[in-house]
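Take a look at the structure below.
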Amino acid sequence: MDKKNALALGAFDGFHIGHMSVVGPASAFASRTGGAAFVTRFDVHPKTFFTGVGEKRLMTRADESVFLSDNRLIPFGLRFGDVKNLYPEEFFRSFILEGGFGFVSCGFNFTFAKDRSGDPDVLKRLCEESGTEFFCAPPVFYKNEIVSSTRIRLALENGGAEDANAMLGRPFSFTLPVVHGQKRGRKMGFPTANQILPEELTVPEYGVYSSETLYGERCFRSITDIGIRPTVGGDEIRSETHLIDFDGDLYGKDITVKLLRYMRPERTFESLEELSARIKQDLYDRLALTGF
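In the working numbering, the protein residues as written are 733 to 1024.
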């Protein structure tokens, strides 16, 4: 069997720099052999399966599909309920050997099979016995702590967008359609593109962010307010983004908002005039930032 393809094993719920230390070697092997690089994609996150509590994602499923395509990665779909009771040898035979993979990679803390009886040492042994190349990625550190999806979520939820972005290896972003709002921003001279954040996505700390927004082939400087709009009596978690130097209709269009830096917390203003003045200050602060 021609074993040119590679498989990266893990619960890749965000493709942060730790995940990419596992995926990268698989991609390199596939590029070298002329094969394809696959990454496991579970129907449900393992933690969710055992606890019943949904893990908030670091990217939507739609954005994940685009990421995989852009990086020439092929999802290797697995139903977690079907594999959790397999013994390591059964898992290896059913998915690695029968899949014809010539290379397998995993992270230092990867576990698999019944009662988590499989680990990198077991996987290495099975690979050596079958002539399959194997790589185990060591932990990746940021500010002297191991990078993890949990740590990134906590950073986002506590206003640490810059730390989260450093661990993600890219800005935290979401691509969603623009929906109609109450058009108060337009009346104040600051039209905003409103997006409803899905329940599956990690919700960053409420507040105003410097951001950049992709629409079509263009990238705009922007400011984004994440929250429930307390001044105007909102109760739905939304992203409201003002695109600097943009003039047009975005309703129903998909735009990608990238959060760059947390600027200030969400607050209630006494009047729309006070809110308008604060938005002007936010815009000034955004334009004063160095770089894009």
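All C-beta atoms, glycine included, are put in the ideal place defined by N, C-alpha and C. The model shown is predicted, which means the values in this text are computed figures rather than measured ones.
Beta carbon of residue i nearer than 8 Å to that of residue j
i	j	result
residue 975	residue 954	yes
residue 893	residue 904	yes
residue 753	residue 836	no
residue 823	residue 868	no
residue 909	residue 986	yes
residue 912	residue 819	no
residue 831	residue 736	no
residue 932	residue 816	no
residue 937	residue 890	yes
residue 755	residue 740	yes
residue 995	residue 939	yes
residue 946	residue 988	yes
Residue i versus residue j: straight-line alpha-carbon distance, rounded
i	j	result
residue 825	residue 811	16 Å
residue 798	residue 857	35 Å
residue 806	residue 770	5 Å
residue 734	residue 762	12 Å
residue 874	residue 881	13 Å
residue 745	residue 980	34 Å
residue 862	residue 803	28 Å
residue 925	residue 821	52 Å
residue 774	residue 738	17 Å
residue 917	residue 958	Bear in mind that the predicted position of residue 917 carries a pLDDT of just 49, short of 50, making it too unreliable to give a figure here.
residue 998	residue 887	17 Å
residue 879	residue 838	15 Å
residue 859	residue 896	35 Å
residue 902	residue 750	13 Å
residue 760	residue 829	20 Å
residue 800	residue 772	11 Å
residue 845	residue 971	40 Å
residue 877	residue 993	21 Å
residue 1041	residue 927	Coverage of the chain is limited to positions 733 through 1024, which leaves residue 1041 absent and any answer about it impossible.
residue 964	residue 758	Residue confidence for residue 964 is low, a pLDDT of 47 falling below 50, so the modelled location carries little weight; the figure read from the coordinates is stated next. Rounded to the nearest angstrom, the two C-alpha atoms are 50 Å apart.
residue 866	residue 950	41 Å
residue 847	residue 814	14 Å
residue 849	residue 809	21 Å
residue 827	residue 870	23 Å
Rounded distance between the beta-carbons of residue j and residue i, thought under 8 Å
i	j	result
residue 674	residue 885	No information on residue 674 is available, as it lies outside the stretch 733 to 1024 that the chain covers here.
residue 899	residue 748	5 Å
residue 969	residue 935	6 Å
residue 956	residue 991	6 Å
residue 851	residue 843	5 Å
residue 978	residue 952	5 Å
Contact test: residue i Cβ vs the ligand NAD heavy atom, cutoff 7 Å
i	result
residue 800	Within the structure as shown, the ligand NAD is missing, as the structure has no ligands at all.
Quiz item: Pairing CB atoms from the stretch 758 to 774 with CB atoms from the stretch 838 to 858, are three or more of them under 8 Å?
Solution: no
Practice problem: Within the stretch 757 to 840, note down every full beta strand (DSSP E) run reaching 3 residues or more, in order along the chain. | Solution: 769 to 774, 805 to 810 and 835 to 839
Quiz prompt | Segments assigned alpha helix (DSSP H), at least 4 residues, entirely inside the stretch 845 to 931 | solution = 852 to 862, 881 to 889, 893 to 900 and 916 to 919
Quiz prompt | beta strand (DSSP E) segments (min. 3 residues) lying fully within the stretch 968 to 997 | solution = 970 to 975 and 986 to 997
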